[in-house]
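All remarks here apply to the structure that follows.
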Amino acid sequence: MPHLYIIAGEVSGDTHGAGLIKELRALDPSLTLSGLGGPKMREAAGNGIEDWVETAGVVGLWEVLKMYGYFKQRFDATVQTIMSTQPTGVVLVDYPGFNLRVAKELRKRGYTGKILYYISPQVWAWKKGRVKVMAKVLDLMICIFPFEKEFYEKSGLPTEFSGHPMVDRVAQLKRNWERERGLIGWFPGSRLNEVKRLFPIMLQAGLAIRMALPQARFAVSAANETLAGHMRQMAEAAGMPEAKQWIETGTVYDLMQRAQVGAVASGTATLEAACFGLPYALVYQVTPLTYIAAKTVVRIKNIGIVNVLAQRDVVKELVQGGLTPDTLAAEMVDLITNDHRRAELQAELAEVVASLGAGGAYHRAAKAVLTSLA
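All residue numbers for the sequence shown refer to our numbering, where the first residue is -17 and numbers rise by one.
As structure tokens, then:
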């Protein structure tokens, strides 16, 4: 009876891992599943999955270093468990800092089962040299972006493109709504440090937009009530108490379908916005030191995944010093007043989204896993 050990270490990985597990269960009910993940994976697979994502899902080099002892202990215990139980295969879901080290250590210790990777690490953007190592220790890469298949296969790593799970999720969330003319959606991110940097710029841009378009309206979707509270404080501090009326909570996907145009913080939300057909600009700003450090390792021209997929500038990227209240206001005014440009952008977004597959991503990934184990 086949046994799979699955490792995910972040909330997004828990979601993808759970989706994969449900399809694996449907295709082969006899499958034994264990590993590390989160509440969604545990619900899908049962008690064999240990919920650790709340602790494991830390972000930032310093935060990880502070928890070195914890991660070393979990790493050693995980490798030991796999070596002692000898599962048929190991499925690593994203989380490359931990998962790639596990794969290398397992091969070093002589593990002969299949090691499969789902949700490719974005080494094509920052550490291309890692691909050679990955080709030596992995049996299969299952990727969610179409261009990744050729990239990995060039290194000799067998690769399957499963399609992007977001296509299925967006299909369930789509509403048959008309976009509200004059409504600008602000999407400043789901982390407090992002919101602190981006929302004040959006507030000031709103003032400049109103000078050019008096009838313009604004809405911002906060990821949770805590962030909404911080946004209200920022509106007060900016001398714009009326902006507190813009703030909604938990309506991000609805707002992406209601707004005529928008500005979206760099990250997963930019691809979600594309899937919903929102004409938008990407906004990104971090500390100068962080930006300099990132520029030394990132090897691609664009930071937005839509532009990376299209291999050209589809979405305007307002980054670092290029993002100011004036530049953001000018881009929003142009998008909202230029019907031809807006329609053209929506057509290009649809073309990019079409490249992500037609749905059924988790099912195809599960089939690729079971085929590899056979």
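Don't be surprised by glycine CBs; every beta carbon is placed ideally from N, CA and C.
These numbers come from a predicted model, not from an experiment.
Buried or exposed for Y266, please, with buried defined as at least 16 other CB atoms from any protein chain shown within 10 angstroms of its CB.
-> buried
When we look at the beta-carbon of K118 and count the other beta-carbons within 10 Å, is it buried (16 or more) or exposed?
-> exposed
Just how far apart, CA to CA, sit A245 and V351?
-> 38 Å
Determine the extent of the beta strand (DSSP E) in which D308 is found, giving its start and end residues.
-> Note, D308: premise wrong, no beta strand (DSSP E); alpha helix (DSSP H) at P307 to T319.
Which residue comes first and which comes last in the alpha helix (DSSP H) that contains H(-2)?
-> V(-7) to L9
Is Y77 helix, strand or coil by DSSP?
-> coil
Quick one: Cα of L300 to Cα of Q186, how far?
-> 15 Å
In whole angstroms, what is the alpha-carbon distance linking L291 and L338?
-> 9 Å
Applying the criterion that 16 or more other CB atoms from any shown protein chain within 10 Å of the CB defines a buried residue, is T319 buried or exposed?
-> exposed
Within-8 Å CB hit, N175 to chain B = Of the chains in the structure shown, none is chain B; there is only one protein chain.
Paired residues, beta bridge with H(-15) - DSSP | T14
Could I get the ranges of all uninterrupted alpha helix (DSSP H) runs contained in the stretch 149 to 232, with 4 residues as the minimum, in chain order?
-> 174 to 194 and 207 to 219
Terminal residues of the alpha helix (DSSP H) in which V113 lies = R112 to V119
Tell me which same chain residues have a C-beta within less than 7 Å of the C-beta of R24, skipping the five on either side of it?
-> I31 and D33
Return the chain-ordered list of same chain residues with a C-beta closer than 6 Å to the C-beta of A38, the five sequence neighbours on each side being excluded.
-> G(-9)
Would you check if there are 3 or more beta carbon pairs closer than 8 Å linking the stretch 145 to 159 to the stretch 232 to 251?
-> yes
Alpha carbon to alpha carbon, how far is W168 from K178?
-> 13 Å
Should the stretch 188 to 204 be regarded as contacting the stretch 303 to 322, the criterion being three or more beta carbon pairs within less than 8 Å?
-> yes
Go through its chain and collect everything with a Cβ distance to T60's Cβ below 8 Å, but skip five positions before and after it.
-> I(-11), L18 and V84
Please go through the same chain and pick out, in chain order, the residues whose beta-carbon is closer than 6 Å to the beta-carbon of F258, but skip the five residues on each side of it.
-> M238 and Q239
Cα-Cα separation, H322 to G211 = 38 Å
Where the beta strand (DSSP E) containing Q242 begins and where it ends = A241 to A247
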